[in-house]
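Peer 1: Under my numbering, think of the first position of the sequence shown as 20, with each following residue one higher.
All residues carry an ideal CB built from backbone N, CA and C; glycine is no exception.
Sharing a structure here in structure tokens format.
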Amino acid sequence: MTTVELPAPGTYRIDPASSVVGLAGRHLFGLAPVRGRFSIRAGTIQVADPITDSLAEASIDVASFDTGNSQRDNEVRSPRYLDAGRFPLIEFISGRIAVDNGAWKLTGELTVRETTREVALDIETAARAGDGFTVRARTKVNRTDFGVTTMRGLGGSVFELTLDVTATAAHPG
């Protein structure tokens with residue numbers, strides 16, 4: 020069930036210190052779970068009235084990828100997978116927000132290694148917090164859709180991404 024408390028219209032900045040993109044999938048030919056995370060480097064959310072006209076953009080730091088296994092993390096950051104040296108950011112730019120029977124969906128473009136695909140984020144919660152708000156959203160991505168095709172079976176292809184974002188009001192000046 021989606022719980023959404025709408026923030027006031029305005030411009031908000033994503034707080035990198037309290038925002039994260041979690042990753043969950045399987046590896047070893049689907050036999051073992053793997054969990055990791057990326058840091059969000061920067062982002063802006065423009066809350067509009069009506070809410071469906073709102074916009075969001077975020078930059079995810081590829082070098083921040085962390086599963087707690089340094090060998091795996093270095094491999095994922097390497098040219099064989101995400102190539103953090105050449106492609107330091109994963110970018111998201113929203114397209115539209117839709118509400119259907121209480122379910123909120125944010126659709127936009129995700130760019131990984133210069134390959135852009137449309138993704139739909141299911142917004143699970145949004146709540147006001149101080150002079151901003153928090154939001155949790157989920158989506159599934161297939162890494163091969165973005166040209167990351169190394170070791171398809173061993174590395175797993177489909178991953179669930181969970182975005183936990185804290186945004187604070189952007190004050191001029």
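Measuring only the C-alpha atoms, how far is I64 from T130?
Peer 2: Answer to the nearest angstrom: the Cα atoms are 18 Å apart.
Peer 1: Beta-carbon separation of G44 and F178 under 7 Å?
Peer 2: Cβ atoms of G44 and F178: closer than 7 Å.
Peer 1: Do you know offhand how far R105's Cα is from T71's?
Peer 2: Going by the C-alpha atoms only, they are around 35 Å apart.
Peer 1: Check whether the Cβ atoms of V66 and G29 lie closer than 7 Å to each other.
Peer 2: Yes.
Peer 1: Excluding five sequence neighbours on each side, which residues of the same chain lie with their C-beta closer than 8 Å to the C-beta of E143?
Peer 2: Excluding positions up to five away in sequence, the list reads T21, T22, R155, A156 and R157.
Peer 1: For S176, I'd like the list of residues in its chain whose CB is within less than 6 Å of its CB, leaving aside the five on either flank, ordered along the chain.
Peer 2: Cβ within range, chain order: N161, R162 and T163.
Peer 1: Pick from H190, D183 and A188: whose alpha carbon is nearest that of A42?
Peer 2: Contrary to the premise, residue 42 reads as Leu rather than Ala in this sequence. Considering only alpha carbons, the answer is D183.
Peer 1: Whose C-beta lies closer than 6 Å to the C-beta of D80 among residues of the same chain, with five residues either side of it excluded?
Peer 2: Answer for D80: S58 and R60, listed in chain order.
Peer 1: DSSP three-state call for E94: helix, strand or coil?
Peer 2: Three-state DSSP puts E94 in a helix.
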